[in-house]
Amino acid sequence: MIVDAWSNLRSPEATKVWATHPQLQRVTAKAGSTVAATTERTVDDVVAELDACGADLAIVSGLAGSGSYRPTFNYTVDEVLADCAGRTDRVRASFKLEGLASISEVCRHIERIHDDPALAVVRVVPSTLKEPFDSRRFYPIYERCEAFALAVSINVGVGAPGAPAAWQDPSSLDLVLIDFPELVVIAAHGGHPWESLLIRFMRTYDNLYLSNSGGLAKYLDPAVVRYMDSSTGNTRVVFATDAPQLPLARALESARQLPISDEAMENFLGENARRIFRLDKASGQRGPR
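Adding 4 to a residue's 1-based position in the sequence shown gives its number in the numbering used here.
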């Protein structure tokens with residue numbers, strides 16, 4: 005099974021923002037994906053990309069929350085859940101926090117949609133939200149995710165140009181893992197330059213995982229590659245792209261060049277995501293609204 009654990013949609017409104025927003029322009033220029041990032045991208049387009057690459061499933065982002073300093077006017081989580089309904093064998097939705105003006109608003113969203121068979125993960129991007137991930141403002145969100153057995157993806161490491169790295173330093177990540185021992189946390193976007201610390205944390209906490217989203221696998225720290233090829237680490241690292249900034253075909257080509265065992269490669273490309281995000285859970289009608 006091949007799973008892209010982080011793919012993105014682009015609404016017509018979002019493409020205009022990505023084409024004109026100075027910070028987003030720097031992001032796309034750095035990735036060399038200006039055309040892809042400013043082209044409308046639907047769930048159908050994501051499935052077509054999966055088919056072209058021989059991949060099985062992608063987790064796509066739907067936005068919720070208000071008050072972001074970087075609005076992208078993209079599809080809401082409800083729109084994405086509706087688009088994923090009936091084809092959860094190919095696409096699942098993530099609930100990406102786009103703002104924290106009201107914590108109760110975010111929590112009500114989670115309570116309302118947590119049992120939707122298309123929902124896979126809740127995403128927290130500290131540099132966008134301007135809050136460190138151990139902020140007590142996030143704690144009600146983590147509490148609900150833990151109670152509903154929803155995984156949480158938290159961006160760690162130096163991010164895109166203009167996004168402060170201070171909020172994504174994983175040094176205090178263990179505080180979250182201690183306070184929420186049953187919460188599944190995926191440290192997204194690689195964690196550079198704190199990979200050694202993240203490996204140590206993964207050896208300590210059973211529910212912490214790492215994703216290479218946002219970067220080609222060939223740029224993974226050698227220590228991470230050695231860890232993911234070990235008997236304890238081959239179940240802990242998850243393949244993802246952040247498409248369309250990083251196309252799936254290019255990301256897969258890079259991943260398949262890693263010097264790791266067949267078992268570790270199989271786990272990395274999909275089996276770890278299948279287990280962590282509970283992708284085997286039965287599809288069906290959407291949960292109550």
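Here a beta-carbon is modelled for each residue, glycine too, at the ideal position from N, C-alpha and C.
Quiz item: Excluding the five sequence neighbours on either side, which residues of its own chain have a C-beta within less than 6 angstroms of the C-beta of A221, listed in chain order?
Solution: If you number the sequence shown from 1, residue 221 lands on position 217. Excluding positions up to five away in sequence, the list reads S258, A259 and L262.
Quiz prompt | Residue closest to P16, alpha-carbon to alpha-carbon, out of R278, F77, A56 and L54 | solution = As a first step, residue 16 must be located in the sequence shown, where it is residue number 12. The option with the nearest alpha carbon to P16 is F77.
Exercise. Measure the Cβ-Cβ separation of P130 and V162 and say whether it is below 8 angstroms.
Key: Against the sequence shown, residue 130 aligns to sequence position 126. Against the sequence shown, residue 162 aligns to sequence position 158. No.
Exercise. Spatial neighbours of G291 within its chain, please: CB distance less than 6 angstroms, with the 5 preceding and 5 following residues excluded, ordered by chain position.
Key: For the purposes of this step, residue 291 is taken as the residue at position 287 of the sequence shown. Note that G291 scores 35 on pLDDT, short of 50, meaning its location in the model is unreliable and no value can be drawn from it.
Quiz item: What residue range is occupied by the uninterrupted alpha helix (DSSP H) comprising I264?
Solution: Position 260 of the sequence shown, counted from the start, is the residue given in the question as residue 264. Premise fails: I264 is in no alpha helix (DSSP H) and is neither H nor E.
Quiz prompt | Inter-stretch contact (C-beta, 8 angstroms, three-pair minimum) for the region 216-235 and the region 176-183 | solution = no
Self-check item: Beta-bridge pairing of A192 - partner residues as DSSP gives them
Solution: Numbered from its first residue, the sequence shown carries residue 192 at position 188. In the DSSP output, where bridge partners are listed per residue, A192 has N159.
Quiz item: Going by alpha carbons, who is nearest to D246 out of S65, I6, T42 and L123?
Solution: To locate residue 246, count along the sequence shown from 1; it is residue 242. If we check each option's Cα against that of D246, S65 comes out closest.
Quiz item: Terminal residues of the continuous beta strand (DSSP E) containing V95?
Solution: Working through the sequence shown from its first residue, we reach residue 95 at position 91. Where V95 is concerned, the enclosing beta strand (DSSP E) stretches over V95 to L101.
Practice problem: Pull up the distance between the alpha-carbon of E102 and that of V125, whole angstroms please. | Solution: Along the sequence shown, read from residue 1 onward, the residue named residue 102 stands at position 98. Along the sequence shown, read from residue 1 onward, the residue named residue 125 stands at position 121. Going by the C-alpha atoms only, they are around 14 angstroms apart.
Quiz item: beta strand (DSSP E) containing A213: first to last residue?
Solution: On the sequence shown, position 209 is the one that residue 213 refers to. Reading off the sequence shown, one finds Tyr at residue 213, where the question assumed Ala. From DSSP, the beta strand (DSSP E) with Y213 extends over L212 to S215.
Quiz item: Secondary structure at A68, three-state DSSP: helix, strand or coil?
Solution: On the sequence shown, position 64 is the one that residue 68 refers to. Residue state, collapsed to three classes: strand.
Quiz item: From D87 to V242, what does the alpha carbon distance come to, in whole angstroms?
Solution: Against the sequence shown, residue 87 aligns to sequence position 83. Against the sequence shown, residue 242 aligns to sequence position 238. Each residue's alpha carbon lies about 24 angstroms from the other.
Practice problem: Starting from the Cα of E135, find the closest Cα among P174, N271 and K285 and give me that residue. | Solution: By 1-based counting over the sequence shown, the position of residue 135 is 131. With distances taken between Cα atoms, E135 lies closest to P174.
Quiz item: Can you tell which of G90, W10 and F184 has its C-alpha closest to the C-alpha of S98?
Solution: Position 94 of the sequence shown holds residue 98. Answer by Cα proximity: W10.
Quiz item: Terminal residues of the continuous beta strand (DSSP E) containing D138?
Solution: Taking the sequence shown and counting its residues from 1, one reaches residue 138 at position 134. Where D138 is concerned, there is no enclosing beta strand (DSSP E), given that its DSSP letter is neither H nor E.
Quiz item: Taking C-alpha atoms, which residue in A277, T92, V50 and R140 lies nearest to V189?
Solution: In the sequence shown, counting from the first residue as 1, residue 189 sits at position 185. Of the candidates A277, T92, V50 and R140, the one whose C-alpha sits nearest the C-alpha of V189 is A277.
Quiz item: Among Q172, A122 and I158, which residue has its Cα nearest to the Cα of R2?
Solution: This structure gives no information on residue 2, because the portion of the chain shown stretches from 5 to 293.
Quiz item: If you drop the 5 nearest sequence neighbours on each side, which residues of the same chain put their C-beta closer than 6 angstroms to that of S157?
Solution: Mapped onto the sequence shown, residue 157 falls at position 153. For S157, where only same-chain residues beyond five positions count, the Cβ hits under 6 angstroms are V125, R127, I190 and A192.
Exercise. Pick helix, strand or coil for D246, following the three-state DSSP scheme.
Key: Start at 1 with the first residue of the sequence shown, and residue 246 comes out as number 242. D246 falls in the coil class under three-state DSSP.
Quiz item: So the alpha helix (DSSP H) A255 belongs to, where does it begin and stop?
Solution: Mapped onto the sequence shown, residue 255 falls at position 251. Residues L252 to A259.
Quiz prompt | Nearest-angstrom Cα separation, counted from P248 out to E44 | solution = Translated into positions along the sequence shown, residue 44 becomes position 40. Translated into positions along the sequence shown, residue 248 becomes position 244. Their backbone Cα atoms lie some 10 angstroms apart in a straight line.
Quiz prompt | Other residues of its chain near E199: CB distance less than 7 angstroms, five sequence neighbours each side excluded | solution = Locating residue 199 in the sequence shown gives position 195, counting from the first residue. D225, A227 and V228, listed in sequence order.
Practice problem: Quickly, what does DSSP pair A62 with across the bridge? List them, please. | Solution: Here residue 62 refers to the residue found at position 58 of the sequence shown. According to DSSP, which records beta bridges pairwise, A62 is partnered with D8 and V95.
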